[in-house]
Amino acid sequence: MKKQNKKKIGGLPELSDPNITSTSDSKIKLSDPGTKSHAVFLNKERKKYLKFLMDGGLVKNDTCADWMLAKDHVGNVVVELKGGDVHHAMKQVHAATKFAKENGLLRGEKIAGLVVCTQHPAIDTKIQRARNEYQKLFKGPLHSKSGGCGEFEFERVLSFDGPDGPVK
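Residue numbers (our numbering): 4 to 171.
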């Protein structure tokens with residue numbers, strides 16, 4: 004794996020890398036052309052976020068989640084958009100989080116993983132084990148949502164209460 008360029012401008016990575024884009028859109032859409040899944044993060048205050056294209060962008064030919072969305076001094080959400088293999092998706096989120104941490108891409112102390120899939124099996128021991136391991140290693144939650152798409156509030160995804168829980 005290649006190290007990410009760590010030059011900074013105003014506390015953010017240099018944006019000359021086409022796999023890292025800055026946005027302040029009111030709705031930040033992360034999508035994967037290979038699936039029908041997508042995630043939209045609401046940004047009513049139009050704050051600046053960084054979108055990291057992980058799989059096929061910053062990470063090539065290795066296990067990795069699709070995206071990471073970061074809000075400076077707040078946190079990071081690693082997103083995998085999947086058809087149905089939730090177990091594999093959670094491995095991809097784990098690998099992407101590890102890559103981001105090792106390469107200085109994180110923009111705040113908090114981190115969370117989010118798997119958005121079209122089909123979701125019942126919570127089994129493999130899924131629970133993956134969530135527990137993620138929490139132990141990265142001190143953050145790993146969530147999964149079915150339906151193939153959804154709108155999320157960034158701070159709720161960072162919360163252990165989950166995307167549908169109250170903001171703390």
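Note that the Cβ used here is the ideal one computed from N, Cα and C, for glycine as well.
On the three-pair Cβ rule with 8 Å, is the region 18-27 touching the region 44-53? Counting C-beta pairs with one atom in each stretch, the region 18-27 and the region 44-53 have three or more that are closer than 8 Å, which means they touch.
Exposed unless 16 or more other CB atoms sit within 10 angstroms - verdict on His-91: To locate residue 91, count along the sequence shown from 1; it is residue 88. Per the 10 Å Cβ criterion, exposed.
Let's see if you can read the secondary structure: which residues bound the beta strand (DSSP E) around Val-82? Residue 82 sits at position 79 when you count from the first residue of the sequence shown. In this chain, the beta strand (DSSP E) harbouring Val-82 covers 78-85.
Sequence-distant residues of the same chain with beta carbon closer than 8 Å to Phe-55, five excluded per side: In the sequence shown, residue 55 corresponds to position 52, counting from 1. Closer than 8 Å at the Cβ level, and outside the excluded window around Phe-55, lie Asn-22, Ile-23, Leu-61, Trp-70, Met-71, Leu-72, Ala-73, Ala-103, Leu-108.
What does DSSP give as the partner residues of Ile-130 in its beta bridges? Here residue 130 is taken as the residue at index 127 of the sequence shown, counted from 1. According to DSSP, which records beta bridges pairwise, Ile-130 is partnered with nothing at all.
Measuring alpha carbon to alpha carbon, tell me which of His-76, Phe-163, Lys-94 ends up nearest Asp-65. Here residue 65 refers to the residue found at position 62 of the sequence shown. When each option's Cα is compared against that of Asp-65, the closest is Lys-94.
Give the straight-line distance between the Cα atoms of Val-77 and Leu-84, rounded to the nearest whole angstrom. Start at 1 with the first residue of the sequence shown, and residue 77 comes out as number 74. Start at 1 with the first residue of the sequence shown, and residue 84 comes out as number 81. Val-77 and Leu-84 have their C-alpha atoms spaced approximately 23 Å apart.
Collapsed DSSP secondary structure at Leu-15 in the structure displayed: Sequence index remark: in the sequence shown, residue 15 carries index 12 (1-based). Low confidence applies here, because Leu-15 scores a pLDDT of 44, under 50, leaving its location unreliable; read the following figure in that light. Strand, per DSSP.
Applying the 10 Å Cβ sphere with the 16-neighbour rule, what's the burial state of Lys-148? Locating residue 148 in the sequence shown gives position 145, counting from the first residue. Buried, by the Cβ-count rule.
Residue burial classification, Thr-128 (beta-carbon count within 10 angstroms, cutoff 16): As a first step, residue 128 must be located in the sequence shown, where it is residue number 125. Burial state of Thr-128 is exposed, judged by a 10 Å Cβ sphere holding fewer than 16 other Cβ atoms.
Min CB distance Leu-109 to chain C below 7 Å: Any reference to chain C falls outside this structure, which holds one protein chain only.
With DSSP collapsed to three states, give me the class of Lys-148. Translated into the one-based positions of the sequence shown, residue 148 becomes position 145. Of the three classes helix, strand and coil, the one that applies to Lys-148 here is strand, per DSSP.
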